[in-house]
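Numbering (the numbering used here), first residue to last: -18 to 391.
Note that CB positions come from ideal geometry on N, CA and C, so glycine has one too.
Below is one structure, written out as structure tokens; the observations come after it.
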Amino acid sequence: MAFSYLNRSYKPKKNDIIVEYRVEPSFGLSLERAAEKIAAESSIGTWTKLSTLNKRTFNRLSAKIFFVSKKTKRVKIAYPLVLFEPRSIPQLLSSIAGNIFSMKDIKNLRLEDIKFPDVYINKFSGPGFGIDGIRKIFGIYNKPILGSIIKPKVGLSAAEQALLAYKVFKNGIDIIKDDENLTDLPFDKFTERVKEVLKLKKKAEKETGKKKVYAFNVTGPLDIMLERAKFVKKEGGKCIMVDIVSCGWSALQYLRDQNFGLIIHGHRAGHSAFTRNKKHGLTMLVVAKLARLAGIDQLHTGTVVGKMEGTREEVLSIDNFLRKKWANLKPVMPIASGGLHPALLPKLIDILGRDLIINFGGGIHGHPQGSEAGAIAVCQAAKASLKRIPLNKFAKNHQELKSALSYWKN
């Protein structure tokens, strides 16, 4: 007996999971037929009729295609919640982002968005701190938190890394992080870096009277990630960084569920391998939703004005989602990072707002007068931007900012 997954009159139920795809069928196949193949493969069907599938089971468990647009190539599919194991991002993705990407009948397929019912969302731990918790730790309210990435990406010793962090902390930067490919290397051992950095971080806090946070990159095999996180906690650190794509969702969930009491800073290195193609893969918005479920407190989302790909509309949609109420999960602090320097701050804040961590790597350490001057220039640009004073005007009495504007010529 053949069954149809296409049901335009279907009204999604409160607890359905709704998935929106952009679909390009292979030659000769209609959009509706391609959508049915997707719905079948991602729920309870397969490539042929099944004698083992009866009408009662089909009606109860099958995916329902309730929206098809030939103009936009968009389809929306409702999945019964019972198809999904609670608290399992891997099982979810094996269903709605699994075999369907390999079918010959589909030329291009992009998972655009997922809408989860509250009952599914609330099974996850979500962020441990959220935006309010992060701001409370720093004591910074109603303005962006200023951050830096140590540069060069790798190459410094633990002692050099710590000294550079101290200089930048002392000159106004709130949070500093390892780069995505710095973990435990022969010339910069993880444990040494943690000890050296935290020692000088405390010195900077004492001298400035302000809370400073360093995000140590614990990325690695899960057992090693746990060891590193425990070490950071033991040494008095407050934040760990995870490359969420390379580590994977199950590792991220497990790390969060250990309840170490550490801020989890999410780096998205590698996401563009499947998010950048507008016709195939999945969106960064989907990644952001999964990261929030898994328990990230801070997440790199894009800059619009920096070196990373991402339109204004796309980055804003992600940031707005991370900040808004989502069932019982705490909101996530967006991070703007990649190709930023002081001259870009007014436009960046104007576009993305104040609930934001703004990271500068080369934009601090590439300053012609050095990293300390770079940190000062960033703080000067932030102060002027928040007061809506033109940077060129503010720079007349602030040499570090003046040099930065001249050097980067923006």
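Inset, instruction - Please state whether DSSP places phenylalanine 47 in a helix, a strand or coil. - result: strand
Legend entry - Given tryptophan 307 as reference, the closest of Leu271, Ala324, Glu22, His281 once Cα atoms are compared: Leu271
Inset, instruction - Whole angstroms is fine: what's the gap from glutamate 22's alpha carbon to isoleucine 81's? - result: 6 Å
Legend entry - Backbone CA spacing between methionine -18 and glycine 107 [nearest angstrom]: Its pLDDT being 45, under 50, methionine -18 is placed unreliably in this model, and the coordinates cannot settle the point.
Inset, instruction - Mind checking which residues open and close the alpha helix (DSSP H) that includes aspartate 224? - result: No alpha helix (DSSP H) holds aspartate 224; the beta strand (DSSP E) holding it covers 220 to 224.
Inset, instruction - Pick helix, strand or coil for glycine 217, following the three-state DSSP scheme. - result: coil
Legend entry - lysine 30 beta carbon near the ligand COA (any heavy atom closer than 7 Å): The ligand COA is not among the ligands present in this structure, which contains no ligands whatsoever.
Legend entry - Euclidean distance between Cα positions of glutamine 350 and lysine 383: 11 Å
Inset, instruction - Can you grab the Cα-Cα spacing for the pair lysine 180 / phenylalanine 150, in whole Å? - result: 12 Å
Legend entry - Distance between lysine 183 and isoleucine 345 (C-alpha atoms, nearest Å): 21 Å
Inset, instruction - Note down the Cα distance separating lysine 191 from isoleucine 221, rounded to an integer number of angstroms. - result: 20 Å
Legend entry - Assigned exposure category for lysine 374 - 16 Cβ within 10 Å defines buried: exposed
Inset, instruction - May I ask you to report which of helix, strand or coil DSSP gives phenylalanine 105? - result: coil
Legend entry - Per DSSP, the bridge partner or partners of histidine 248: Asp224
Legend entry - arginine -11 burial status per 10 Å Cβ neighbour count (16 or more: buried): exposed
Legend entry - Inter-residue Cα distance where the pair is lysine 305 and asparagine 35: 42 Å
Inset, instruction - Output the distance between the C-alpha atoms of glycine 120 and aspartate 336, rounded to the nearest integer angstrom. - result: 13 Å
Inset, instruction - Return the chain-ordered list of same chain residues with a C-beta closer than 8 Å to the C-beta of leucine 12, the five sequence neighbours on each side being excluded. - result: Val4, Pro6, Val49, Lys51, Lys54, Val56
Inset, instruction - For aspartate 238, write down the residues that DSSP places opposite it in a beta bridge. - result: Bridge partners of aspartate 238: none, in fact.
Legend entry - alpha helix (DSSP H) runs contained entirely in the stretch 307 to 382, provided each spans 4 or more residues: 326 to 333, 343 to 346, 352 to 367, 372 to 375
Legend entry - Paired residues, beta bridge with valine 6 - DSSP: Looking at the sequence provided, one finds proline at residue 6 rather than valine. Partner(s): Ile87.
Inset, instruction - Look at leucine 392 and isoleucine 102 and say whether their C-beta atoms are less than 8 Å apart. - result: The first residue shown for the chain is -18 and the last is 391, placing residue 392 beyond what the model contains.
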